[in-house]
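Here is the structure we will look at, set down as structure tokens.
In structure tokens form, the structure reads like this:
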């Protein structure tokens with residue numbers, strides 16, 4: 001999704017000053033002075049194309065500092081607000097972190113849900129159970 005911008009900003013034919021000015025102009029007034037300075041330093045060192053990775057790493061470090069974790073819940077059916085709240089509280093207690101939960105639907109699961117929190121995957125879907133059953137029968 002960032003490919004055209006990265007290609008433009010990594011071009012050796014564009015000066016560092018032009019790169020940083022383009023990036024700052026692209027973002028408009030949403031950037032603080034310190035972020036603008038950071039972009040200029042990245043540009044001077046030809047590291048501006050690494051900005052998406054730097055942003056991802058910053059988000060991970062901030063979440064670790066805040067003791068928060070992003071959790072993706074993939075459910076076969078729509079969860080109402082009470083179910084989402086109950087699931088969020090249970091995951092928060094289990095993971096000992098604040099949970100930032102994103103819920104999406106996947107009717108291919110047949111029933112149940114799959115929960116992804118960092119490297120942890122909890123597969124409580126019927127499709128997952130059927131897959132495990134088929135593997136054990138084939139063994």
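Residue numbers (the working numbering): 1 to 139. All C-beta atoms, glycine included, are put in the ideal place defined by N, C-alpha and C. It should be emphasised that the depicted structure is a prediction, and the values quoted were computed from it without experimental measurement.
1) Can you tell me whether residue 19 is buried or exposed, with buried defined as 16 or more other CB within 10 angstroms of its CB?
2) What residue range does the alpha helix (DSSP H) around residue 18 cover?
3) May I have the straight-line CA-CA distance separating residue 111 from residue 131, to the nearest angstrom?
4) Assuming residue 115 and residue 73 form a contact by the criterion Cβ under 8 angstroms, report the distance between their Cβ atoms to the nearest whole angstrom.
5) Would you kindly work out how many angstroms separate the C-alpha atoms of residue 47 and residue 76, rounded to a whole number?
6) Secondary structure at residue 96, three-state DSSP: helix, strand or coil?
7) Output yes or no for whether 8 angstroms exceeds the beta carbon distance between residue 71 and residue 101.
Well, looking at it:
1) Reading the chain shown from its first residue, position 19 is the one you call residue 19. Burial call: buried.
2) The sequence position of residue 18 within the chain shown is 18, counting from 1. Counting along the chain, the alpha helix (DSSP H) containing residue 18 begins and ends at 16-27.
3) Stepping through the chain shown from its first residue, residue 111 is reached at position 111. Stepping through the chain shown from its first residue, residue 131 is reached at position 131. Taking the straight line joining both Cα atoms gives about 13 angstroms.
4) As a position in the chain shown, residue 115 is number 115, starting the count at 1. As a position in the chain shown, residue 73 is number 73, starting the count at 1. Correct: roughly 5 angstroms between the Cβ atoms.
5) Working through the chain shown from its first residue, we reach residue 47 at position 47. Working through the chain shown from its first residue, we reach residue 76 at position 76. Spanning the two alpha carbons is a distance of roughly 42 angstroms.
6) As a working mapping, residue 96 is identified with position 96 in the chain shown. Reduced to three states, the DSSP call for residue 96 is coil.
7) As a position in the chain shown, residue 71 is number 71, starting the count at 1. As a position in the chain shown, residue 101 is number 101, starting the count at 1. Yes.
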